[in-house]
Ligand code: KG4
Ligand code: ZN
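Residue numbers (our numbering): 200 to 585.
Structure (structure tokens):
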């Protein structure tokens, strides 16, 4: 089964072609056109500019994902009109079995570009289409590269297959921590495609806090990778004389529930920088301490939930999951005997943590026979929940 995935919920225009054969997921192409350069000077995503850039990039990105050469792929406008570009896509289209597209959550104008393009292709090519929840995509990025113990064909009963997979892998219940630029959520999964939100951020998402603190420190957008890189300098210095400076709070760590809050931490950084005239000389220190405050809360709450719900798997996902320290410390904490957890730990490869269309194809695949949507019914929903 060949699936074309399309993702345009925020500032990445992405398309991917994935083959699912004999239970194995194979990435054929994974094309991402990033808009970082456009939004960098504003320190965050400007929705209308994002939508315009999606509009320019979507067909060249899909063309490239389908294996066609498109010279002007990232170099501004293409010489061909949209209709000609669509006509160019014709040959490959015959083999595609399904189109999966992100329908939310995300920026409404950005979502619309992906959805309307997917609908046009589904109509022109007479292919089935499935709408995918972006957050579900992040979770299912963890299944890429895994071998499933079932065969799939569009005409078979996928519900049975999913049940078999769940039984065979014995991976449920699972706890999923989704940490991205727009979301920080703890989700309990009792089975494939079955979600119960047990906690979420009351204000900023973890990635948003990274981005905003990076802006305060005059670091680049997106802030997560910039802060992680600066913090790494401290890791290297640790053996020498580094001392904790700021003692940032670990918000809501003892709240007793599974909710998060990061806006107070962001304000604590702001006040600390106002007090410290020499802060520019201590950027790595501040990055290190801020990052550690976030990591402590994320790991503490996830492991607490993992214990309470006696989960078999801990799933980490979303852009912040690309953070090296978070990944390392999660792994380490799972080895610590006091937690006494026998849970598997899943985290996607770093390039599949941040937004991409491969994860949308995989989530689309799992959802397909359950819903089997019609192209006319597909609508964007910027606040879509799991
Ligand atoms: O999932 P994602 O690509 O987009 C959304 O769905 O929001 O996540 C983007 C977020 C940004 O806030 C970015 O700063 C953060 O993920 N991020 C990181 C790292 N790489 C990306 N945060 C911490 N460390 C990283 N290495
Ligand atoms: Zn995302």
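Glycine is no exception: its CB is placed at the ideal position from the N, C-alpha and C atoms.
Considering only heavy atoms of ligand 1, does any lie closer than 6 Å to the CB of residue i?
i: residue 553; result: yes
i: residue 461; result: no
i: residue 410; result: yes
i: residue 430; result: no
i: residue 242; result: no
i: residue 214; result: no
i: residue 249; result: no
i: residue 546; result: no
i: residue 522; result: yes
i: residue 556; result: no
i: residue 300; result: no
i: residue 450; result: no
i: residue 245; result: no
i: residue 561; result: no
i: residue 427; result: yes
i: residue 313; result: no
i: residue 266; result: no
i: residue 518; result: yes
i: residue 372; result: no
Within 10 Å of its beta-carbon, does residue i have 16 or more other beta-carbons around it, so buried, or fewer, so exposed?
i: residue 527; result: exposed
i: residue 411; result: buried
i: residue 560; result: buried
i: residue 452; result: exposed
i: residue 230; result: buried
i: residue 587; result: The first residue shown for the chain is 200 and the last is 585, placing residue 587 beyond what the model contains.
i: residue 352; result: The pLDDT assigned to residue 352 is 36, lower than 50, so where the model puts this residue is not dependable; a value taken from the coordinates is nonetheless given after this. The residue in question, residue 352, is exposed, as its Cβ has fewer than 16 Cβ neighbours within 10 Å.
i: residue 534; result: exposed
i: residue 253; result: buried
i: residue 469; result: exposed
i: residue 531; result: exposed
i: residue 455; result: exposed
i: residue 471; result: buried
i: residue 266; result: exposed
i: residue 575; result: exposed
i: residue 417; result: exposed
i: residue 479; result: exposed
i: residue 355; result: Residue placement at residue 355 cannot be trusted, given a pLDDT of 42 that sits under 50; what the coordinates show is reported in the next sentence. The residue is exposed, with fewer than 16 neighbouring Cβ atoms inside 10 Å.
i: residue 465; result: buried
Does any heavy atom of ligand 2 sit closer than 6 Å to the C-beta of residue i?
i: residue 454; result: no
i: residue 309; result: no
i: residue 233; result: no
i: residue 207; result: no
i: residue 379; result: yes
Between residue i and the rest of its own chain, which residues show a CB-CB distance below 8 Å, the 5 nearest in sequence each way excluded?
i: residue 249; result: 209, 210, 234, 237, 238, 306, 308 and 309
i: residue 247; result: 308
Out of the options, state which residue places its alpha-carbon closest to the alpha-carbon of residue i.
i: residue 546; options: 467, 512 and 241; result: 512
i: residue 256; options: 232, 266, 241 and 244; result: 232
i: residue 548; options: 515, 415 and 531; result: 515
i: residue 384; options: 392, 402, 530 and 369; result: 402
i: residue 228; options: 557, 566 and 567; result: 557
i: residue 425; options: 475, 398, 483 and 460; result: 483
i: residue 338; options: 567, 551, 574 and 575; result: 551
i: residue 492; options: 219, 266, 521 and 445; result: 445
i: residue 369; options: 343, 466, 542 and 213; result: 542
i: residue 562; options: 302, 529 and 456; result: 302
i: residue 260; options: 246, 585 and 203; result: 203
i: residue 422; options: 394, 521, 321 and 319; result: 521
i: residue 264; options: 300, 529 and 213; result: 213
i: residue 317; options: 215, 251 and 430; result: 215
i: residue 315; options: 335, 296 and 258; result: 258
i: residue 295; options: 313, 430 and 326; result: 326
i: residue 457; options: 251, 416, 409 and 508; result: 508
i: residue 207; options: 464, 244, 429 and 409; result: 244
i: residue 341; options: 475, 463 and 224; result: 224
i: residue 504; options: 474, 460 and 373; result: 373
Beta-carbon within less than 6 Å of residue i's beta-carbon, same chain only, minus the 5 sequence neighbours each way: which residues are those?
i: residue 379; result: 406, 517 and 518
i: residue 324; result: 292
i: residue 587; result: Missing from the structure shown is residue 587; the chain here goes from 200 to 585 and no further.
i: residue 178; result: Since the first residue shown for the chain is 200 and the last is 585, residue 178 is missing from the structure and cannot be characterised.
i: residue 419; result: 425
i: residue 226; result: 217 and 557
Leaving aside the five residues before and after residue i along the sequence, list all residues of the same chain whose C-beta is less than 7 Å from its C-beta, in chain order.
i: residue 241; result: none
i: residue 572; result: 328, 329 and 330
i: residue 523; result: 427
i: residue 433; result: 441, 483, 484 and 487
i: residue 467; result: 447 and 448
i: residue 396; result: 384, 386 and 585
i: residue 335; result: 562 and 585
Determine contact between the region 564 to 583 and the region 302 to 312, defined as no fewer than three beta-carbon pairs at a distance below 8 Å.
yes
Is the region 497 to 510 touching the region 375 to 391 in the sense that three or more CB pairs, one from each, lie closer than 8 Å?
yes
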